[in-house]
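Colleague: Below is the structure I would like to discuss, written out as structure tokens.
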Amino acid sequence: MPPPPIARRALAAAQPLALAAVDVLVAAAVVAAAVLMRPPGAGVAVWVPAALVGTPLAVRRRWPVPVLGAVLAAGAVGLFGGVRPEPVVYAVAYALYPVALRSARAGAWALAVAVAGVVGPGLVDAAVADLPVHPVDDPHSESFSATPASATAFCVVVLGGSWALARVLAARRRHADQFARSLTARAVAEERLRIARDVHDVVGHNLSLIATRAAVATHLGTGRDDALRTIEEVSRTALADVRLVLDGVRDDDPPSITNLDRLVEQTRAAGVEVTVERGDLSAVPAAVVASAYRIVQEALTNVRRHAPSSRCRVTVAVAGGALAVAVVDDGAGCAPRPAGRPGHGLLGMRERVALHGGTLSAGPLADGGFAVRATLPVPA
Numbered sequence: 000m001p002p003p004p005i006a007r008r009a010l011a012a013a014q015p016l017a018l019a020a021v022d023v024l025v026a027a028a029v030v031a032a033a034v035l036m037r038p039p040g041a042g043v044a045v046w047v048p049a050a051l052v053g054t055p056l057a058v059r060r061r062w063p064v065p066v067l068g069a070v071l072a073a074g075a076v077g078l079f080g081g082v083r084p085e086p087v088v089y090a091v092a093y094a095l096y097p098v099a100l101r102s103a104r105a106g107a108w109a110l111a112v113a114v115a116g117v118v119g120p121g122l123v124d125a126a127v128a129d130l131p132v133h134p135v136d137d138p139h140s141e142s143f144s145a146t147p148a149s150a151t152a153f154c155v156v157v158l159g160g161s162w163a164l165a166r167v168l169a170a171r172r173r174h175a176d177q178f179a180r181s182l183t184a185r186a187v188a189e190e191r192l193r194i195a196r197d198v199h200d201v202v203g204h205n206l207s208l209i210a211t212r213a214a215v216a217t218h219l220g221t222g223r224d225d226a227l228r229t230i231e232e233v234s235r236t237a238l239a240d241v242r243l244v245l246d247g248v249r250d251d252d253p254p255s256i257t258n259l260d261r262l263v264e265q266t267r268a269a270g271v272e273v274t275v276e277r278g279d280l281s282a283v284p285a286a287v288v289a290s291a292y293r294i295v296q297e298a299l300t301n302v303r304r305h306a307p308s309s310r311c312r313v314t315v316a317v318a319g320g321a322l323a324v325a326v327v328d329d330g331a332g333c334a335p336r337p338a339g340r341p342g343h344g345l346l347g348m349r350e351r352v353a354l355h356g357g358t359l360s361a362g363p364l365a366d367g368g369f370a371v372r373a374t375l376p377v378p379a
């Protein structure tokens, strides 16, 4: 369960402080390591560069490039004075990380400068007899003066590891950002598709009503006033539905099977006798109900378009953990159904059913008529 918004804001505000505290602790640890590992007899000559190597690390996130330069300069002085290479290398690697994290090109240059800034003074320290000023008494300990090859390899491995870790993290962040953008683009495309589908359903349904009423009035020569009133009412309803879809209100108040009566009355007004069987849908999620509503709407549109003056039965009920929808007409006086490629209405119904992992069957019946049956699983 994700944290509440107040907790998320508190965590976001505390994160920079926590990271700054970590940097301060690391800076103190580097200074302490450089001082504790100093050669015997070394005094302020080692303490000062040790402090200068570690202290800038406390603000490395704020000024990464200047901090890296300051640490490199202090580290070179410290190596000449007798500071052990381990704390210097770790300090430079810690300062190198934010620079490499921000830019691949700047990180590559920073890595080259860091290696040169540590290995160069170390090799000079090994080549000049009087350096370091305070040599290490233990001949078996690793240092540029005692073991230049292993000390150089140690520096390259540590600094290269810091750079590689930063670049890997930068790549992961970049990929995560690209993935988030792709998800956003996909969500926008899917929402546009849903809006287009709903606009098609609303406009197709209501234009079918208008065309049917106008055709009946023209053919019979009577009832023109009633037809005009119906056309006006349907037109206003269509405009309201389109505005509802385009304004995004549909998500807050989606189409519901409770509005089925309006669809039935509009279909009856077109001369189709409709009977309805409806079960209890209170436990069905709103998204499933909205899809069922659109399927019934499109099926009734097809009934008016292809089977005028017929009888139709609409069934909407929950059975076996699924919402079953059926719209069956008897095909009396029906116009022939177009063969071949299915229309946009049937494709829209298939897409809605597939969205919920359901099934859809639509086709002519053996004894005449046409049936649309859909099953939409209801999550437990």
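Take the sequence shown: its position 248, counted from the start at 1, is 247 in my numbering, and no numbers get skipped. In this text, a Cβ means the ideal position worked out from N, Cα and C, and glycines have one as well. Fair warning: this is a prediction, and the values are worked out from it, not measured in the lab.
Measuring CB to CB, does residue 345 end up less than 8 Å from residue 295?
Modeller: For residue 345 and residue 295, no; Cβs fall outside 8 Å.
Colleague: Confirm, please, whether the CB-CB distance from residue 291 to residue 375 is below 8 Å.
Modeller: Closer than 8 Å, so yes.
Colleague: Less than 8 Å between C-beta atoms, sequence neighbours within five positions excluded: which residues of the same chain meet that for residue 284?
Modeller: Around residue 284: 377 and 378.
Colleague: Should residue 45 and residue 37 be called a contact, given that it needs their Cβ atoms to be closer than 8 Å?
Modeller: Yes, they are a contact pair.
Colleague: If we ignore side chains and look at the alpha-carbon of each, how far apart do residue 85 and residue 91 end up?
Modeller: One C-alpha to the other measures close to 10 Å.
Colleague: Could you say which of 175, 79 and 64 lies nearest to residue 112 if we only look at CA atoms?
Modeller: When only C-alpha atoms are compared, the closest one is 64.
Colleague: Tell me the rounded alpha-carbon separation between residue 365 and residue 323.
Modeller: In a straight line, the C-alpha of residue 365 is about 21 Å away from that of residue 323.
Colleague: Taking a contact to mean a Cβ-Cβ separation below 8 Å, would you say residue 162 touches residue 56 in this structure?
Modeller: No, Cβ-Cβ distance for residue 162 and residue 56 is not below 8 Å.
Colleague: For residue 82, does the three-state DSSP call read helix, strand or coil?
Modeller: Reduced to three states, the DSSP call for residue 82 is coil.
Colleague: So, under 8 Å CB-CB, residue 274 and residue 228 are touching, yes? Tell me the CB distance rounded to an integer number of Å.
Modeller: Wrong, their Cβ atoms sit about 25 Å apart, outside the cutoff.
Colleague: Between the alpha carbons of residue 299 and residue 326, how many angstroms are there, rounded?
Modeller: Cα to Cα, residue 299 sits roughly 7 Å from residue 326.
Colleague: DSSP three-state call for residue 54: helix, strand or coil?
Modeller: DSSP places residue 54 in helix when its eight states are reduced to three.
Colleague: Tell me whether residue 329 sits in a helix, a strand or coil according to DSSP, three-state version.
Modeller: The answer is coil: DSSP assigns residue 329 none of H, G, I, E or B.
Colleague: Looking only at its own chain, which residues have a Cβ that is under 6 Å from the Cβ of residue 116, when we skip the five neighbours before and after it?
Modeller: Once the five neighbours on either side are set aside, the close Cβ partners of residue 116 are 71.
Colleague: Please say whether residue 58 and residue 66 have beta carbons closer to each other than 8 Å?
Modeller: Yes, these two residues count as a Cβ contact at 8 Å.
Colleague: What is the C-beta distance between residue 359 and residue 370, in whole angstroms, given that I count them as a contact (C-beta under 8 Å)?
Modeller: Contact flag wrong, Cβ pair sits at about 11 Å.
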